[in-house]
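A.B. asks:
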Amino acid sequence: MNRIERLRHWKRVTLRLPKKVKYFDMSDYAYERECGTAACSLGAAGFSPRFQALGLKTIETGFVTYVDPKTNKRSMSLYAAVHFFNITESEAESVIAPSKYQTNDVENITQQMAADRIQILIDKYSQIEA
């Protein structure tokens, strides 16, 4: 799965949450509520079976990890996104950091807003890699 395919799948996962995730919430990577799991865009990606097979996982503590299968190097949270999607720290933050959104309330950040940020990355890298 190349960078563009990973980004496209991340967008799909953000818009249609994996079965394990009941709620979209950008306040944390993942956590348990009384009535199910809540996750942000990256946390949801870590529950995707396709991404899990490639080493990106949301773990029980709610953090997202990536273990590079070639080097066995582990990355967590922001750096998991950087290494797994092969994007810059700034680009990863633009999607997963609530402070990068134009809202005063993290609850106002929608799945579509996060997906739109991922689409910007898809467009950028599609031009570079064309």
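If you're matching positions, the sequence shown starts at 599 in this note's numbering and goes up one per residue.
Here a beta-carbon is modelled for each residue, glycine too, at the ideal position from N, C-alpha and C.
The structure presented is a predicted model; accordingly, all values stated were derived computationally and were not measured.
Spell out the partners DSSP gives residue 656 in its beta bridges.
C.D. replies: 662
A.B. asks: Can you tell me whether DSSP reads residue 723 as helix, strand or coil?
C.D. replies: helix
A.B. asks: Which two residues bound the contiguous beta strand (DSSP E) that contains residue 619?
C.D. replies: Note, residue 619: beta strand (DSSP E), 619 to 622.
A.B. asks: For the stretch 707 to 716 against the stretch 609 to 618, do three or more pairs of beta-carbon atoms, one drawn from each stretch, fall closer than 8 Å, so that the two count as touching?
C.D. replies: yes
A.B. asks: State buried or exposed for residue 651, treating a residue as buried only when at least 16 other CB atoms are found within 10 Å of its CB.
C.D. replies: exposed
A.B. asks: Label residue 634 either buried or exposed according to how many other C-beta atoms from any shown protein chain fall within 10 Å of its C-beta, with 16 as the threshold for buried.
C.D. replies: exposed
A.B. asks: Evaluate contact between the stretch 696 to 707 and the stretch 674 to 687, counting only Cβ atoms and requiring at least three cross-stretch pairs below 8 Å.
C.D. replies: no
A.B. asks: Quick one: what does DSSP say residue 629 is sitting in, helix, strand or coil?
C.D. replies: strand
A.B. asks: Could you check the C-alpha separation between residue 682 and residue 632 for me, to the nearest Å?
C.D. replies: 31 Å
A.B. asks: With respect to the alpha helix (DSSP H) encompassing residue 635, which residues constitute its N-terminal and C-terminal limits?
C.D. replies: Looking at the DSSP string, residue 635 is not in any alpha helix (DSSP H); the run it does join, the beta strand (DSSP E), is 634 to 637.
A.B. asks: Less than 7 Å between the C-beta atoms of residue 609 and residue 716, yes or no?
C.D. replies: yes
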